[in-house]
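Asker: Next up is a structure, given as structure tokens.
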Amino acid sequence: MEGYVCYRADHPTGRARGGAVVLAKQDLAHYHLHTVTSSDTQLAAIMVETPLGEILVAAAYLPPNIPWNRAEFDSLADSRGTALHEALTPCSAQVLATGRPTHFPYNRQSTPSCIDFFIFKGIPNSVLSVREEYDLSSDHLPLLTTINTAAQRIPKKRRLVLPGSNIQRFKAELNSLINLNTQILSVEDVDAAVQTLLDQVHAAAANAAPAHIYSAPTSQRPRTFSPILEGLLALKKRLRREYVRTQDPTIDRIYRRIANRVRKELIISKRNATDTMLEEATADESSKFALWKLSSRYKRQAAPKFPVRLPDDTWARSPMDRAEAFACNLEERFKPFETASHARIQRVAQILEAPLQMSLPVSPITFQEIQGGFSCFPNIIYKEYDLANLSTCDEDLYIQHQHLRLRNLITGAQPTRIFSLRKDLKPMSRTL
Numbered sequence: 077m078e079g080y081v082c083y084r085a086d087h088p089t090g091r092a093r094g095g096a097v098v099l100a101k102q103d104l105a106h107y108h109l110h111t112v113t114s115s116d117t118q119l120a121a122i123m124v125e126t127p128l129g130e131i132l133v134a135a136a137y138l139p140p141n142i143p144w145n146r147a148e149f150d151s152l153a154d155s156r157g158t159a160l161h162e163a164l165t166p167c168s169a170q171v172l173a174t175g176r177p178t179h180f181p182y183n184r185q186s187t188p189s190c191i192d193f194f195i196f197k198g199i200p201n202s203v204l205s206v207r208e209e210y211d212l213s214s215d216h217l218p219l220l221t222t223i224n225t226a227a228q229r230i231p232k233k234r235r236l237v238l239p240g241s242n243i244q245r246f247k248a249e250l251n252s253l254i255n256l257n258t259q260i261l262s263v264e265d266v267d268a269a270v271q272t273l274l275d276q277v278h279a280a281a282a283n284a285a286p287a288h289i290y291s292a293p294t295s296q297r298p299r300t301f302s303p304i305l306e307g308l309l310a311l312k313k314r315l316r317r318e319y320v321r322t323q324d325p326t327i328d329r330i331y332r333r334i335a336n337r338v339r340k341e342l343i344i345s346k347r348n349a350t351d352t353m354l355e356e357a358t359a360d361e362s363s364k365f366a367l368w369k370l371s372s373r374y375k376r377q378a379a380p381k382f383p384v385r386l387p388d389d390t391w392a393r394s395p396m397d398r399a400e401a402f403a404c405n406l407e408e409r410f411k412p413f414e415t416a417s418h419a420r421i422q423r424v425a426q427i428l429e430a431p432l433q434m435s436l437p438v439s440p441i442t443f444q445e446i447q448g449g450f451s452c453f454p455n456i457i458y459k460e461y462d463l464a465n466l467s468t469c470d471e472d473l474y475i476q477h478q479h480l481r482l483r484n485l486i487t488g489a490q491p492t493r494i495f496s497l498r499k500d501l502k503p504m505s506r507t508l
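The sequence shown begins at 77 in the working numbering and counts up one residue at a time.
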């Protein structure tokens, strides 16, 4: 690979199996360390110079002769569990992984496993990130870790008098607490009096503080840097603009020198902030820097995420595959509750999909239209007390009869011969 230096640790048999390799850019300040090429372990290591100091980077491969599982890690009598325990416990190392499987065997009866992970020590968790690469089509998912050495924000300093405090109340509280008749006879009395005065000032400030202080989100708080760092940042920006305008190599060298100085100052500021945080850490849960919060943040490990099987009996590797598997599962579990037959559902769907037409008002029905409608059905018996035997009428005749009844509800469309309807229908009675 052009532009890279390759450090290999091949298998001692010389066959295409196992092995480890470390690739480093040629312009990266590093040097090669020892290489292990035994039958059970292949390891290649280099030392890289970074703004965080020298970092040992190594690639190791252990052949999967015996399946790796959790029981072997828990058992200290096992060779692999003992090796992992001896490597992590004495040197306080930690494991960096995604928590998801990284090996997907081609055999569908086998279960995916997590056999690729990082082991690190002496590097803060806040500057490390790990992710998976899905570009390759092999049975392994490569892991990519990044060491972020960007500038970190300095924690905001604690203030004695908060914004919105009642200054008059602060003065009154302080005057009531101070005792001017304190007797001082020795150096110890002076130290005690000074400490008492400081405690009284803090107590008066706490009583004068407002009941609720609005805290802006972290992203909206202004960054606070030391005067030296602010001057270096301003000089760096000015040199950058000057180099873009002139393309002078001398300015470029000065710019790179100032950039290195800025990185060192940021590292020093971060270390000072960490020291301050550790000095102010207490065992009280309600404090700002509680010991259990700090330990849980720095010692947090990746939670295991179990493999997911796709509907076609393959394993989900990428996030899109896992999302598709969950979508298929939800689609099978949650189905609409069918309260009607399929034919009725289709009929309702056709009615809903049909275009809505503007219908005109119902036109008045005349007596001649009713007579003409009854004359079309010769096999209907007309009774003396009913308009017609509706149980033997056709649907169209029933609709016409309902129209006649609805006319009573329409203003201005009341029939004129509604009372003489029975009389006129008697001579027209017919039998089957």
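Built from N, CA and C at the ideal position, the CB exists for glycine as well.
Every value quoted in this text rests on a predicted model; they were computed, and no experiment measured them.
Is the Cβ-Cβ distance between Ile-122 and Tyr-107 less than 8 Å?
Answerer: Yes, Cβ-Cβ distance for Ile-122 and Tyr-107 is below 8 Å.
Asker: On the criterion of 16 or more Cβ atoms from any shown chain inside 10 Å, does Gln-118 qualify as buried, or is it exposed?
Answerer: With 16 or more other Cβ atoms within 10 Å, it is buried.
Asker: Can you tell me the Cα-Cα spacing of Thr-111 and Val-133, whole angstroms?
Answerer: Looking at the two C-alpha atoms, the distance is approximately 12 Å.
Asker: Considering only C-alpha positions, which residue in the set Leu-104, Glu-249 and Thr-113 is nearest to His-87?
Answerer: Taking only the C-alpha atoms, the option nearest His-87 is Thr-113.
Asker: Report yes or no: do three or more beta-carbon pairs, one from the region 174-189 and one from the region 385-395, lie closer than 8 Å?
Answerer: The answer is yes - the region 385-395 touches the region 174-189, with three or more Cβ pairs under 8 Å.
Asker: Would you mind reading off the limits of the beta strand (DSSP E) that contains Arg-207?
Answerer: Here the beta strand (DSSP E) through Arg-207 covers 204-208.
Asker: Exposed or buried, which one is Glu-249 when buried takes at least 16 other CB atoms within 10 Å?
Answerer: Label assigned to Glu-249: buried.
Asker: For the putative contact between Ile-195 and Leu-219, defined by C-beta atoms under 8 Å, what is the C-beta separation to the nearest angstrom?
Answerer: Not a contact, Cβ separation roughly 12 Å.
Asker: By a C-beta neighbour count over all protein chains shown, 10 Å radius and 16 as the cutoff for buried, is Leu-305 buried or exposed?
Answerer: Buried, by the Cβ-count rule.
Asker: Rounded to a whole number of angstroms, what is the C-alpha to C-alpha distance between Asp-56 and Thr-222?
Answerer: Nothing about residue 56 can be reported from this structure: the residues present for the chain run from 77 to 508 only.
Asker: Let me confirm a value: Cys-82 is counted as buried when at least 16 other C-beta atoms fall within 10 Å, else exposed. Which label applies?
Answerer: So Cys-82 counts as exposed.
Asker: Output the distance between the C-alpha atoms of Thr-358 and Ser-202, rounded to the nearest integer angstrom.
Answerer: Whole-angstrom Cα-Cα distance: 22 Å.
Asker: Grouping DSSP H, G and I as helix and E and B as strand, with all else coil, what is Leu-128?
Answerer: DSSP places Leu-128 in coil when its eight states are reduced to three.
Asker: According to DSSP, what are the bridge partners of Ala-430?
Answerer: Answer is none; Ala-430 lacks a bridge partner.
Asker: As a quick exercise: from Tyr-182, Leu-217 and Gln-170, pick the residue whose alpha carbon is nearest that of Cys-190.
Answerer: Considering only alpha carbons, the answer is Leu-217.
Asker: Classify Val-270: buried if its beta carbon has 16 or more other beta carbons within 10 angstroms, exposed otherwise.
Answerer: Val-270 comes out exposed.
Asker: Just to confirm, is the Cβ distance from Tyr-173 to Ala-135 under 8 Å?
Answerer: Reading the sequence as shown, one finds Ala at residue 173 and not Tyr. Not in contact: Ala-173 and Ala-135 (Cβ atoms no closer than 8 Å).
Asker: Compare the beta carbon distance of Cys-404 and Pro-380 with 8 Å and say whether it is the shorter of the two.
Answerer: Not in contact: Cys-404 and Pro-380 (Cβ atoms no closer than 8 Å).
Asker: What is the DSSP secondary structure of Ala-100, counted as helix, strand or coil?
Answerer: Ala-100: strand per DSSP, three-state reduction.
Asker: Tell me whether Gly-84 sits in a helix, a strand or coil according to DSSP, three-state version.
Answerer: Correcting the residue type first, residue 84 is Arg in the shown sequence and not Gly. Of the three classes helix, strand and coil, the one that applies to Arg-84 here is strand, per DSSP.
Asker: Considering only the alpha carbon of each residue, which of Thr-350, Thr-442 and Arg-385 lies closest to Glu-400?
Answerer: Comparing Cα-Cα distances from Glu-400 to each of Thr-350, Thr-442 and Arg-385, the minimum goes to Arg-385.
Asker: Using a threshold of 8 Å, state whether the C-beta atoms of Val-338 and Lys-313 are closer than that.
Answerer: Contact: no.
Asker: Within 10 angstroms of the Cβ of Ala-284, are there 16 or more other Cβ atoms? Answer buried if so, exposed if not.
Answerer: Answer is buried; the Cβ neighbour count reaches 16.
Asker: Out of Pro-188, Tyr-137, Leu-309 and Lys-197, point me to the one whose CA is closest to Pro-166's CA.
Answerer: Of Pro-188, Tyr-137, Leu-309 and Lys-197, the residue nearest in Cα terms is Lys-197.
Asker: Helix, strand or coil, according to DSSP, for Val-237 in the structure here?
Answerer: Three-state result, Val-237: coil.
Asker: Please list the terminal residues of the continuous alpha helix (DSSP H) segment that includes Leu-220.
Answerer: Segment 219-223 is the beta strand (DSSP E) holding Leu-220; no alpha helix (DSSP H) there.
Asker: Span of the beta strand (DSSP E) holding Thr-352?
Answerer: Looking at the DSSP string, Thr-352 is not in any beta strand (DSSP E); the run it does join, the alpha helix (DSSP H), is 325-355.
Asker: DSSP on Val-266, reduced to helix/strand/coil?
Answerer: Helix at Val-266.
Asker: If we ignore side chains and look at the alpha-carbon of each, how far apart do Asp-360 and Leu-367 end up?
Answerer: Using only the alpha carbons, I get a separation of about 8 Å.
Asker: Since I believe Ala-120 is in contact with Arg-84 (beta carbons under 8 Å), could you give me their beta-carbon distance rounded to a whole number of angstroms?
Answerer: The Cβ separation is near 6 Å, so the contact holds.
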